[in-house]
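In terms of the numbering used here, the sequence shown has 145 at position 145, counting the first letter as 1, and numbering is strictly consecutive. Even glycine gets a Cβ: it sits at the ideal position worked out from N, Cα and C. Report on the following structure.
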Amino acid sequence: MSEISPLNGVSDFPELSDRFIKENYPSKFKLVQVQLYHRHGERVPIARKFANISPLTWDFCKNANVFHEEFRKSVQRIIPDSHSSSDSPLDPNLETHNSNKKEFWQTYREERVFPSHLPFGQRIGAGGSVSLNKAGPNDEYYSNANPSTCGWGQLSDVGWNTMRKTGEYIRTLYIDKLGFLPKSPDELKSNDLLLRTTDYSRALESIHQVISGLYPIKDSGSNKHKFNVLIRTIQNETLFLNFQCKNLKEQLVKMHKTVSKIYPDETENVKNMLYESASIGTEARETLENTQLASPFHSVYDTLVAMRAHSVDLPSEVTAENVDRIGNLAAKQWMLSGVFNTQLGRLQFSPIGLDLLNNMVSKINNFSSPGPKTKSPDFSKPLPIENPPSFAIYSGHDTTIVPTLAALGFHLQNSNDPKEYSVVWPSFGCVVSIELFKGPVIEKSAT
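Written out as structure tokens, the structure is:
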């Protein structure tokens, strides 16, 4: 795998020293549940932008293309037995009876495992059509491809490597250090481990690599443990927003305007920096002034941060610091919605939060035992989970992580002043771990 300098969550994970373990996992508390949300690993952009500075082809998938093709073939083999949707699964060019079949790397690849049967640009459900300039099956990009060329939005060699390292880190913490999960997957009980992903290939491949790091196969000849990975239908997805929702898009546009008003100097400085760029100024202006885009700053940021993540040179005027400034403005539009636009905040977090809270309160209910004069809280009404997981891993996207951070009050860690709120656009492979502890019974002091 490629070992390009990381621009990802792994590079920010805390060292798992004895001091860290002692401070964060005191002996008087018992860890009873972990719900871990991660963003997929490094990928190439989801659509073409800034063609004059970005590569003609994104050639960072030498190994990933081999994995990607075999992975999708294996998924396609099992889909007929488990998928009853009217959607067409995976890529038609993978069909063995296609006599005109091209090499895999020369062909258009769907981003999703269950792409919609609707015409391109009319797809609905969670995810929807986020970009206005998506490349279709006949795009000339693929005529210039070589065996290392990534498809748009594809998890790259760097991303595959990042997510395996993420899995190794999780193993070190929750297996080696804490003993919360068993050392062998064969020792897992039915409700010990829940694995969940969106149907985007980059998310599904990412959780595959996390599992490979969490429970590595040491002997190629040994029996391989099979893991169940849950994927919801597009209509019922909760880890990715539905950008075809008219209200959601309207609220995002409103929030973009709100951020511009609250942070006028920052907004104007970033705009001027981009507009004055000889290489990307014209296209950046068209993007930021496009009222059809739900998140204009992120549309600019997406390609630039992908270039940084794969060590592609940026124009001299677009420094790494300036890329971060663009990302921070995008983050403010998304992360601060709960502060300045509660309707948008609810639309963003409620689908994720429902699963998170139901898992948590169901776990608490399993441990709750009422005292002689107290009534046990009834946690069974929302959506009772008979066997809530002890450990859940959710493989999602930046728009999975941002509302989760917002709900946890990430922006309030340094100041209550909106001008000083902490914001960051989630890095590739970043992780949010929500842990539930059972503590000692606190006796009321005598009065």
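Taking the alpha helix (DSSP H) that R285 falls in, what are its first and last residues? G281 to L288
Would you mind giving the Cβ-Cβ distance between M255 and Q333, rounded to the nearest angstrom? I have them listed as a contact below 8 Å. 5 Å
For V130, which of helix, strand or coil comes out of DSSP? Below a pLDDT of 50, predicted positions are generally treated as unreliable, and V130, at 49, falls in that range; the measurement from the model is reported next regardless. Three-state result, V130: coil.
Quick one: Cα of T162 to Cα of Y25, how far? 26 Å
Reduced DSSP secondary structure (H/G/I, E/B, other) of V158: helix
Check F50 in the structure and name its three-state DSSP category. coil
Going along the chain, which residues of its own chain have a beta-carbon closer than 8 Å to the beta-carbon of R202, five neighbours each way excluded? H40, G41, R43, E111, G153, Q154, L155 and G159
For A330, count neighbouring Cβ atoms within 10 angstroms of its own Cβ and tell me buried if that reaches 16, exposed if not. buried
In terms of residues, what are the limits of the beta strand (DSSP E) holding S450? Past the edges of the chain, shown from 1 to 447, lies residue 450, and the structure says nothing about it.
Could you compute how far the alpha carbon of T109 sits from the alpha carbon of G281? The amino acid occupying residue 109 in the given sequence is Arg; Thr does not appear at that position. For R109 and G281, the distance between alpha carbons rounds to 30 Å.
Shorter than 7 Å, the distance from the beta carbon of I234 to the closest heavy atom of the ligand ADP, or not? Ligands displayed in this structure: none; no statement on the ligand ADP is therefore possible.
My guess is that E283 and F50 are in contact by the Cβ rule of under 8 Å, so how many angstroms apart are they, rounded? 6 Å
Using the beta-carbon count (16 or more within 10 Å), is F20 buried or exposed? exposed
Assuming P389 contacts N359 under a Cβ cut-off of 8 Å, what Cβ separation, rounded to an integer in Å, is found between them? 6 Å
A145 - DSSP class collapsed to helix/strand/coil: coil
Among the residues of its own chain, which have a CB less than 8 Å from the CB of K487, if the five just before and after it don't count? The chain is shown from 1 up to 447; residue 487 falls before or after that span and cannot be answered.
So L252 and S206 are supposed to be a Cβ contact under 8 Å. How far apart are they, rounded? No, L252 and S206 are not in contact; Cβ-Cβ is about 25 Å, not under 8 Å.
Which one of N8, N247 and F71 has the shortest CA to CA distance from L344? N247
Which residues in the same chain as N328 place their Cβ atom closer than 6 Å to its Cβ, once the five residues preceding and following it in sequence are excluded? V423
Tell me whether T303 is buried or exposed, calling it buried when 16 or more other Cβ atoms sit within 10 Å of its Cβ. Buried, by the Cβ-count rule.
Can you tell me which of T198, Y215 and I211 puts its alpha carbon nearest to the alpha carbon of I234? Here the closest residue by C-alpha is T198.
Return the Cβ separation of Y169 and F13 in integer angstroms, given the expectation that the two are a contact with Cβ distance under 8 Å. About 5 Å; that satisfies the 8 Å criterion.
Grouping DSSP H, G and I as helix and E and B as strand, with all else coil, what is V229? strand
Could you compute how far the alpha carbon of V34 sits from the alpha carbon of S17? 20 Å
Spatial neighbours of H411 within its chain, please: CB distance less than 7 Å, with the 5 preceding and 5 following residues excluded, ordered by chain position. M335, L336, Y421, S422 and V423
For T166, decide whether its Cβ has a neighbour in chain B, counting only Cβ atoms nearer than 8 Å. No chain B is part of this structure, which consists of one protein chain only.
Looking at the structure shown, is R346 part of a helix, part of a strand, or coil, going by DSSP? helix
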